[in-house]
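See structure below.
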Amino acid sequence: MHSSVIIIAITQSVLGVPLQFACKYSYCNQLKQLDMMVQESVLTQIHAFAVNLKGELARIESSESYDSQWVACIRKAEIENPWFTKREQLRSLKSWVAILTDPSFEAELNRFPPKTTTKTVGVIAAGNIPMVGLHDAISVLLSGHNLLLKCSSEDKILLPFFLAQLSEFVVDFKARYSIVEGFKSRDINALIATGSDNTARYFEYYFRENHKIIRKNRTSVAVLDGSETQEEMEALLEDVFAYFGLGCRSITKLYLPKGFDVQRVFKAMPKFEYLANHNKYMNNYTYHKALYLMNQTPYLENGFCNLVEEESLHSPVSCLHYEFYDDIAVLNNTLTDMQEKIQCRVGVDGLALGSAQKPCFTDYADQVNTMEFLNGL
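First residue of the sequence shown? That's 1 in our numbering, and the numbers climb one at a time after it.
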């Protein structure tokens, strides 16, 4: 049967358009309306999943004895990767509940309806924080393409489980993704990969014939002006210590106005003393503290954080770099020159303090619109 006849039949039966008027619809209008119906259905299913997950997370947080598949998954993920503590996994999961129920999520999907011409997109996910590869994976599925997902060995439990649970609500996703150990250039039409600067060069070469987005090392910075309240300083440190500072949106460098009392940073840290109970984190703290002592590098510390005056943007886990500035205009020019290395900026002329680790769906990594890229395939 010709496709136009099928469309007319669907238009009549699904949209309720009488046959004598159905033929007057243009093919594009019919297809557009059907796409909108599919999109609305997917959004409804995703919203139902997010609401269900929100309730599950509330039960997990309210009772230590509560048990479920999610609890078992979180427990197993922490065993596999000690950086993925229950606290940090819940942080990521709650962030995704917020993302999937935010109006900006629906608005962005309406801008980019699913493609009718399906491609296969490979995603090579990082594993520095829980489910850091989810945005890429879900973007591929939402765009109507098929997904080949290579999970990081550091995040091989939570991310696959999340996708499996989501697919129970959005059944269309089930047949359109596979989790694989790897893939070749010929297996895919496009690639989205995240890695170090070194692996990025390898990806660029090996997948040189494919459409691609390749992300390199980035970090985030904060610019203060001295007027910050105690509450704002504590919010800033959420951006520093969330996920142990391992994310590209983690603040690793503070720019402080000349004369700023650095002790104000320490005074805002008491709520983060739980870090001192994490073995791998404290191993980093002790190691870098010893290096500063041996190298006679001036530093300040409070028992779980080393504060160091240093030009480098990237500070090691358990350490926080800071630098004083005289002129905000000069600093802005400096940061503009380094924009390829910076994921986000909080504070003066940037995002609100405490918001770096609470991105919306449209806060695309490296400011590259993933949905637009996928829509153009």
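Just so you know, even glycine gets a beta-carbon here, dropped at the ideal spot from N, CA and C.
Note that the structure is predicted; figures quoted are calculated from it, not measured.
Which residues in the same chain as residue i place their Cβ atom closer than 8 Å to its Cβ, once the five residues preceding and following it in sequence are excluded?
| i | result |
| --- | --- |
| residue 374 | 112, 115, 121, 139, 140, 143, 145, 190 |
| residue 291 | 297 |
| residue 341 | 217, 218, 219, 313 |
| residue 137 | 123, 125, 147, 149, 159, 163, 177 |
| residue 88 | 129, 130, 242, 243, 244 |
| residue 85 | 78, 278 |
| residue 351 | 344, 345 |
Just confirm the distance between the C-beta atoms of residue i and residue j, as a whole number of angstroms; I'd bet it's less than 8 Å.
| i | j | result |
| --- | --- | --- |
| residue 209 | residue 255 | With 8 Å as the limit, residue 209 and residue 255 do not qualify as a contact, their Cβ atoms being about 42 Å apart. |
| residue 245 | residue 194 | About 18 Å separates the two Cβ atoms, so there is no contact after all. |
| residue 320 | residue 305 | 6 Å |
| residue 179 | residue 158 | At roughly 12 Å, the Cβ-Cβ gap does not stay under 8 Å, so residue 179 and residue 158 are not in contact. |
| residue 390 | residue 131 | Nothing about residue 390 can be reported from this structure: the residues present for the chain run from 1 to 377 only. |
| residue 347 | residue 222 | 5 Å |
| residue 192 | residue 370 | 7 Å |
| residue 211 | residue 377 | 6 Å |
| residue 215 | residue 366 | 5 Å |
| residue 257 | residue 225 | 6 Å |
| residue 368 | residue 213 | 6 Å |
| residue 90 | residue 53 | Going by Cβ atoms, the distance from residue 90 to residue 53 rounds to 11 Å, so no, they are not a contact pair. |
| residue 397 | residue 79 | This structure does not reach residue 397, given that the chain is present from 1 up to 377, and the question cannot be answered. |
| residue 266 | residue 302 | 5 Å |
| residue 185 | residue 206 | 6 Å |
With distances taken between CB atoms, is the gap from residue i to residue j smaller than 8 Å?
| i | j | result |
| --- | --- | --- |
| residue 354 | residue 268 | no |
| residue 47 | residue 101 | yes |
| residue 169 | residue 45 | yes |
| residue 279 | residue 316 | no |
| residue 173 | residue 73 | no |
| residue 251 | residue 240 | yes |
| residue 43 | residue 108 | no |
Whose CA, out of the options, lies closest to the CA of residue i?
| i | options | result |
| --- | --- | --- |
| residue 98 | 117, 360, 154 | 360 |
| residue 248 | 357, 60, 69, 109 | 357 |
| residue 155 | 110, 76, 230 | 76 |
| residue 127 | 196, 95, 110, 67 | 196 |
| residue 49 | 259, 108, 165 | 165 |
| residue 181 | 207, 199, 333, 151 | 151 |
| residue 274 | 295, 318, 287, 311 | 318 |
In the structure shown, what three-state DSSP assignment does residue i receive?
| i | result |
| --- | --- |
| residue 259 | coil |
| residue 23 | Reliability of the predicted coordinates at residue 23 is poor, the pLDDT of 44 falling under 50, and the value obtained from them is presented with this limitation in mind. DSSP places residue 23 in coil when its eight states are reduced to three. |
| residue 66 | coil |
| residue 84 | coil |
| residue 165 | helix |
| residue 252 | strand |
| residue 357 | coil |
| residue 174 | helix |
| residue 362 | coil |
| residue 218 | coil |
| residue 159 | helix |
| residue 120 | strand |
| residue 344 | strand |
| residue 194 | strand |
| residue 308 | strand |
| residue 142 | helix |
Spatial neighbours of residue i within its chain, please: CB distance less than 7 Å, with the 5 preceding and 5 following residues excluded, ordered by chain position.
| i | result |
| --- | --- |
| residue 264 | 233 |
| residue 364 | 370 |
| residue 24 | For residue 24, the predicted model reports a pLDDT of 45, less than 50, meaning its position is unreliable; a value from the coordinates is still stated below. Correct list: empty, nothing qualifies. |
| residue 83 | 244, 246, 280 |
| residue 272 | 237, 241 |
Give every residue of the same chain whose Cβ lies closer than 6 Å to the Cβ of residue i, excluding the five residues on either side of it in the sequence, and list them in chain order.
| i | result |
| --- | --- |
| residue 300 | 307 |
| residue 325 | 255, 331 |
Answer yes or no: does any C-beta atom of chain D fall closer than 8 Å to that of residue i?
| i | result |
| --- | --- |
| residue 375 | This model lacks chain D altogether; it includes just one protein chain. |
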